[in-house]
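So the structure is just underneath, and the comments pick up after that.
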Amino acid sequence: MRPWPDGGTSRVPYWVYTDPDVYRREQERIFQGPTWNYVALAAEVPEPGDFTRTTVGEVPVVVTRDRRGELNAVVNRCAHRGLQFCVAPSGHTTTFTCPYHQWSYDLTGRLLGVPFKKGVNGHGGMPADFVNADHGLARLRVAERHGVVFASFDADPPLFEEYLGATNLGWFDRVFDGRTLRVLGYQRQRVPANWKLMFENIKDPYHASLLHVFLVTFGLFRADSPSATQMDPTGQHSVLVASRGEQRANAATAEMASFRADLRLAGPELLDVVREFPGAASSSRPAPAPSSSTGPSSATPMTTTPWWSGACVRPTSWDRPGWCRSTTARSCGWLSAASPPPTTPPPSWRWAAATRTTRSTW
Amino acid sequence: MTPSRQDLRDLYDDYAAHLDDGDLDAWVDMFTDNAQYLVVARENWDRGLPLATIRCDGRGMLVDRAHTIRSTQFYAPRVVRHFVSGVRLLGADSGVACTANFLVTEALELEPARIHLTGQYRDTVVATPAGLRFARKVAIYDGALVQTSLVHPV
Chain X
0 MRPWPDGGTS
10 RVPYWVYTDP
20 DVYRREQERI
30 FQGPTWNYVA
40 LAAEVPEPGD
50 FTRTTVGEVP
60 VVVTRDRRGE
70 LNAVVNRCAH
80 RGLQFCVAPS
90 GHTTTFTCPY
100 HQWSYDLTGR
110 LLGVPFKKGV
120 NGHGGMPADF
130 VNADHGLARL
140 RVAERHGVVF
150 ASFDADPPLF
160 EEYLGATNLG
170 WFDRVFDGRT
180 LRVLGYQRQR
190 VPANWKLMFE
200 NIKDPYHASL
210 LHVFLVTFGL
220 FRADSPSATQ
230 MDPTGQHSVL
240 VASRGEQRAN
250 AATAEMASFR
260 ADLRLAGPEL
270 LDVVREFPGA
280 ASSSRPAPAP
290 SSSTGPSSAT
300 PMTTTPWWSG
310 ACVRPTSWDR
320 PGWCRSTTAR
330 SCGWLSAASP
340 PPTTPPPSWR
350 WAAATRTTRS
360 TW
Chain R
0 MTPSRQDLRD
10 LYDDYAAHLD
20 DGDLDAWVDM
30 FTDNAQYLVV
40 ARENWDRGLP
50 LATIRCDGRG
60 MLVDRAHTIR
70 STQFYAPRVV
80 RHFVSGVRLL
90 GADSGVACTA
100 NFLVTEALEL
110 EPARIHLTGQ
120 YRDTVVATPA
130 GLRFARKVAI
140 YDGALVQTSL
150 VHPV
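Those sequence lines, one after another, are chains X and R. Just so we're aligned, residue 0 is where the first sequence starts under numbering that gives the first Met the number 0, counting upward by one. Just so we're aligned, residue 0 is where the second sequence starts under numbering that gives the first Met the number 0, counting upward by one.
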């Protein structure tokens, strides 16, 4: 491994994003190490026999709910020749059968059957000491909290709650407080970049204040918003905590080339604040711009409702069955994870979107 | 009055031409004031899941999208080209239900063109005094993944 340059963590060399050896070790030590990786929402596999596919690092994984109703995570590689036996992104089944040589498994990964196990006409077959129980699918440890499912390759991972730590558990519970979740859809995107860049991008409010006109102009997120990146004592976890500001010019916006005090939406319901769970927030938005507007127009300054008091920017039209905007649960969860954790989990508006490989479209 | 096949073909050819030319004002004008425009992954559409990658309810949101693409979003310059084929007229009730296949290529500067999206339109076309307009347009893209960015409308 190359030597780390002088300057500590303030001088991160580009090779941490490009060195194949670093990448390989990340796969081993992080994704296959003593970590908990998000793999599914329990709402994606509500019934015994349900399954959904995902990956942990580069390893393909199937999350299942077995006959007893328990959650399982198994590696999507046949124990025989390593084929990805499960090809459907999700579905319902009683057993998995690998198409290559038809080895079959139950939903916990237990090997059920091997064709020609004793050979054909006295030829071939498995050795006499072959025991199915020794040749099941590789299994991951599973933890579920408030309907969110995590998996670990480690044989003896820490308790999920201890792993996440008190601070981050509070933020987690603020979004996933135990209310029943509903899958709204999937938004997947392939970004040609090292995986770390996606995480770091989300913890990079510097760029958000400069690049994203929409966030900046409408005070959704920008440098003068009350915000902080909270890291837990172990350094393993962090949360970007932010509160929504206003569409108002001030000393900070003077340095933001992307701030547009005059930008008004012709379809402002996009910014309607919807109460997602109980709190002090109420919905408000500026008067609609003239329908003939084809761009920036003059209007009264926008008033916005702070969402740290328990609201998430989400169009009211989401409440109509059938349609929703292209925001993901991950980004929405990030947006709404902005107030101190509630002391009691309130009953609430019930929804969530399951998502993988997402990036917000701002 | 049910539009002729030629009228519909012209409508889709105009639609593709406006997008390829980057004439987003003309693109907006191909919709009715209350139109709904959706770009949806087939994965979600087939499973009846409501999440849409782009969702515009009404002309205002279409106008906003055109404006933001033009003046507020950062993206690498590219040439897109829309190929629309297999326009089918499925029936006329409150408007004309149409389906068509689309293929969108994009070429980033100094890069070879590549296929960006393929999929199917499921549209409702209505006759207005100004001509045929989309009262609803749903672009369902095949596969679940968008490569990097969905910059322009489909």
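Just so it is clear, CB atoms sit at the ideal spot from N, CA and C, and this is done for glycine as well.
For residue i, three-class secondary structure by DSSP
i, result
"residue 108 of chain R", "coil"
"residue 167 of chain X", "helix"
"residue 64 of chain R", "helix"
"residue 99 of chain X", "coil"
"residue 150 of chain R", "coil"
"residue 26 of chain X", "helix"
"residue 105 of chain X", "coil"
"residue 129 of chain R", "coil"
"residue 5 of chain R", "helix"
"residue 17 of chain R", "helix"
"residue 100 of chain R", "strand"
"residue 74 of chain R", "coil"
"residue 9 of chain X", "helix"
"residue 154 of chain R", "For chain R, the structure presents residues 0 to 153; residue 154 of chain R sits outside this window and is missing."
"residue 17 of chain X", "helix"
"residue 4 of chain X", "coil"
"residue 129 of chain X", "coil"
"residue 87 of chain R", "strand"
"residue 134 of chain R", "strand"
Any non-hydrogen atom of the ligand ZN within 8 Å of residue i CB
i, result
"residue 104 of chain R", "Looking for the ligand ZN in the displayed structure turns up nothing, as the structure carries no ligands at all."
CB contact flag (residue i, residue j, <9 Å)
i, j, result
"residue 102 of chain X", "residue 77 of chain X", "yes"
"residue 138 of chain R", "residue 119 of chain R", "yes"
"residue 80 of chain R", "residue 150 of chain R", "no"
"residue 104 of chain R", "residue 86 of chain R", "no"
"residue 31 of chain R", "residue 133 of chain R", "yes"
"residue 38 of chain X", "residue 137 of chain X", "no"
"residue 266 of chain X", "residue 56 of chain R", "yes"
"residue 212 of chain X", "residue 42 of chain X", "no"
"residue 65 of chain X", "residue 105 of chain X", "yes"
"residue 112 of chain X", "residue 118 of chain X", "no"
"residue 202 of chain X", "residue 228 of chain X", "yes"
"residue 145 of chain X", "residue 176 of chain X", "yes"
"residue 135 of chain X", "residue 94 of chain X", "no"
"residue 236 of chain X", "residue 193 of chain X", "no"
Span of the beta strand (DSSP E), counted from its first residue to its last, around residue i
i, result
"residue 143 of chain X", "138-144"
"residue 110 of chain X", "110-112"
"residue 23 of chain R", "Element bounds for residue 23 of chain R: not the beta strand (DSSP E) but the alpha helix (DSSP H), 23-27."
"residue 90 of chain X", "89-91"
"residue 151 of chain X", "147-151"
"residue 228 of chain X", "226-230"
"residue 72 of chain X", "70-74"
Rounded C-alpha distance that separates residue i from residue j
i, j, result
"residue 31 of chain X", "residue 56 of chain X", "8 Å"
"residue 3 of chain X", "residue 127 of chain X", "54 Å"
"residue 8 of chain X", "residue 145 of chain R", "34 Å"
"residue 13 of chain X", "residue 87 of chain X", "37 Å"
"residue 43 of chain R", "residue 50 of chain R", "7 Å"
"residue 273 of chain X", "residue 107 of chain R", "38 Å"
"residue 49 of chain X", "residue 90 of chain X", "6 Å"
"residue 36 of chain R", "residue 152 of chain X", "43 Å"
"residue 92 of chain R", "residue 214 of chain X", "41 Å"
"residue 162 of chain X", "residue 34 of chain X", "8 Å"
"residue 59 of chain X", "residue 6 of chain R", "49 Å"
"residue 160 of chain X", "residue 68 of chain R", "43 Å"
"residue 53 of chain R", "residue 39 of chain R", "7 Å"
"residue 18 of chain X", "residue 154 of chain X", "28 Å"
"residue 23 of chain X", "residue 139 of chain X", "20 Å"
"residue 67 of chain X", "residue 47 of chain X", "7 Å"
First through last residue of the alpha helix (DSSP H) which encompasses residue i
i, result
"residue 195 of chain X", "194-201"
"residue 204 of chain X", "204-210"
"residue 45 of chain R", "41-45"
Problem - Residues of the stretch 72-98 of chain R whose Cβ lies closer than 9 Å to any Cβ of chain X, in chain order - result: Taking 9 Å as the Cβ-Cβ cut-off against chain X, the residues of the stretch 72-98 of chain R that qualify are 72, 73.
Problem - Short-range partners of chain X found in the stretch 116-140 of chain R, where Cβ spacing is below 8 Å - result: Against chain X - using a Cβ distance shorter than 8 Å - the stretch 116-140 of chain R contributes no residues.
Practice task
Compile a chain-ordered list of the residues in the stretch 184-215 of chain X whose CB is closer than 7 Å to at least one CB of chain R.
Solution key: Along the stretch 184-215 of chain X, going in chain order, the ones with a CB nearer than 7 Å to a CB of chain R are 184, 185, 186, 187, 188, 189, 190, 191, 210, 212, 213.
Problem - Interface residues of the stretch 169-182 of chain X facing chain R [CB-CB below 9 Å] - result: Result list: 182.
Handout entry: Members of the stretch 9-33 of chain R that neighbour chain X once the beta carbon cut-off is set at 9 Å
Key = Among the residues of the stretch 9-33 of chain R, those with a Cβ less than 9 Å away from any Cβ of chain X are 24, 27, 32, in the order of the chain.
Handout entry: Interface residues of the stretch 103-115 of chain X facing chain R [CB-CB below 7 Å]
Key = Listed by position along the chain: nothing, the set is empty.
Problem - Contacting positions in the stretch 34-45 of chain R - beta carbon closer than 7 Å to chain X - result: So the list reads 40, 42, 43, given in the order they occur along the chain.
Practice task
Return the residues of the stretch 79-101 of chain X that lie within a Cβ-Cβ distance of less than 9 Å from chain R, sorted by chain order.
Solution key: Residues 88, 89.
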